[in-house]
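Here the working numbering is used: position 64 in the sequence shown is 115, and no number is missing along the way.
This report refers to the structure that appears directly beneath it.
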Amino acid sequence: MISFVVPTKNRPQHLQNCVSSILECHASPMEILVIDQSNDDATKRICLEYKSSIIRYYKNTKGGKAISLNLGIRYSKGTVIAFIDDDCIVSKTWGHNIYKNINSSDVAAITGNTLPYNPNKHRGYLCPCTMQTSSKIIEQPEYHSENIGFGNNMVIKKYVFTRIGLFKGWLGPGSVGDNAEDADIFIRILTAGYKIYHDSSVIVYHNKWLTADQMTRQQLSYACGEMACYGYYAIQGSQFAKPVVWGNVQDSVYKVRRIIKKLLFLNWNLS
Numbered sequence: 052m053i054s055f056v057v058p059t060k061n062r063p064q065h066l067q068n069c070v071s072s073i074l075e076c077h078a079s080p081m082e083i084l085v086i087d088q089s090n091d092d093a094t095k096r097i098c099l100e101y102k103s104s105i106i107r108y109y110k111n112t113k114g115g116k117a118i119s120l121n122l123g124i125r126y127s128k129g130t131v132i133a134f135i136d137d138d139c140i141v142s143k144t145w146g147h148n149i150y151k152n153i154n155s156s157d158v159a160a161i162t163g164n165t166l167p168y169n170p171n172k173h174r175g176y177l178c179p180c181t182m183q184t185s186s187k188i189i190e191q192p193e194y195h196s197e198n199i200g201f202g203n204n205m206v207i208k209k210y211v212f213t214r215i216g217l218f219k220g221w222l223g224p225g226s227v228g229d230n231a232e233d234a235d236i237f238i239r240i241l242t243a244g245y246k247i248y249h250d251s252s253v254i255v256y257h258n259k260w261l262t263a264d265q266m267t268r269q270q271l272s273y274a275c276g277e278m279a280c281y282g283y284y285a286i287q288g289s290q291f292a293k294p295v296v297w298g299n300v301q302d303s304v305y306k307v308r309r310i311i312k313k314l315l316f317l318n319w320n321l322s
C-alpha cells in the first residue's frame, strides 16, 4: 500500500485540489495522511467532507514541514510513502507509473518531474520548484534541484527510514534551515548505499505562482536552505557539497544586492 503524506498550512483550497487529484490517480491500495499546521479548522472540515476512510487527518501542533513529514511517516500504514506538497496536483497516471518501478529491489526511492500547473493561465508569473529531466538511476549524491528532484514529488520505501532516520527538524519551511529537507534526505539515501530512480513519467503539477520580486525572495530562501544543508555536509568533508555551497554563496550575494538596491530606490512615504 502507498501512504500519501501531504503537509499543509492555511491553504484549504490547494489541499482540496491536491487530495482530489490523489484520489483520481488510481494508486490503489492507498491512504492519504493530511498533516495540518493551520491556525483554523478549514482544512479539517475539507478532509471530513470527503467522508472517506482512506483520508486521515492529523494536527501538527509543533510546526515545521519536517515535523509534519515525520508525523506522516510514523502514522503511515503503507510500505511505500509518497510525499506530495499541498499546492501540487498529481497526474492521473502517477499511480500506474509508480507501481511500474517501486517494487524493484534495486530502487529505494523514486522522484519525478514537477511541471508548472496551467502556465497559460498564469502569464507574467513564475512557478518555483519545477524540473524536467530524463529518466535515470542515481547512485551518488548530486545537486538535487538539477539532477534528482524535489520533495513535492518523491516516493520512499518506508524501511529506508529505519536505517537513515527521519527528516531533520532543523531543515525545511518553518525551521531555522528554511528549506532543503528534501536535499538532505536524498543525500542520506544515496550515502547509505541505496539507489534513487528518477522517472520522467511520474509527474505532478506545481500550482504556485509568484511575481518576479516574490520569486527573487523565494529563491533566496531556497539558497539559504541549501547552504544550511549542503554546508553541513561540506563541513564534514563531502566533496560533492562544496560546489553547491560556493555557488549558492555567489548567487545569494547577487540576489541580496538586487533586493537592497530596489529598497534604496523606493519612494518611501512615511507621513
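We put the beta carbon where it would ideally sit given N, CA and C, even for glycine.
None of the values given here were measured: they were computed from a predicted structure.
Of all alpha-carbon atoms in Thr-181, Glu-75 and Asn-154, the one lying nearest the alpha-carbon of Lys-209 is that of Asn-154. Looking at Gly-123, Ala-279 and Ser-289, the one whose alpha-carbon comes closest to that of Asp-229 is Ala-279.
Boundaries of the beta strand (DSSP E) harbouring Cys-139: 139-141, taken from the DSSP string.
By alpha-carbon distance to Lys-128, the top candidate from Gly-223, Ser-54, Gly-288 and Ile-247 is Ser-54.
In the DSSP assignment, Tyr-281 falls outside any beta strand (DSSP E) and within the unbroken alpha helix (DSSP H) covering 263-286. Judged by DSSP secondary structure, Ala-234 falls within the alpha helix (DSSP H) whose first and last residues are 232-242. Judged by DSSP in its simplified three-state form, Thr-162 adopts strand. Judged by DSSP secondary structure, Pro-63 falls outside any beta strand (DSSP E) and instead within the alpha helix (DSSP H) spanning 63-74. In this structure, the CA atom of Ile-247 is about 17 Å from the CA atom of Gly-146. The residue from Lys-113, Met-81, Gly-163 and Gly-123 with its alpha-carbon nearest to that of Ile-105 is Met-81. Within the stretch 98-147, the runs of alpha helix (DSSP H) that reach at least 4 residues and sit entirely inside it are, in chain order, 116-126. Taking a contact as a CB-CB distance under 8 Å, the pair Ser-185 and Ser-252 does not count as one, their CB atoms being some 11 Å apart. Under DSSP, Glu-82 forms a beta bridge with Ser-54. Apart from sequence neighbours up to five positions away, the residues of its chain that approach Asp-87 with a beta-carbon distance below 6 Å are Thr-59, Thr-94 and Lys-110, ordered along the chain.
Asn-169 counts as exposed, since fewer than 16 other beta carbons sit within 10 angstroms of its beta carbon. DSSP places His-173 outside any beta strand (DSSP E), giving it a letter other than H or E. Burial of Lys-259 is indicated by the presence of at least 16 other C-beta atoms within 10 angstroms of its C-beta.
Judged by DSSP in its simplified three-state form, Ile-215 adopts helix.
With a cutoff of 9 Å on beta-carbon distance, Tyr-273 and Ala-231 are scored as near each other.
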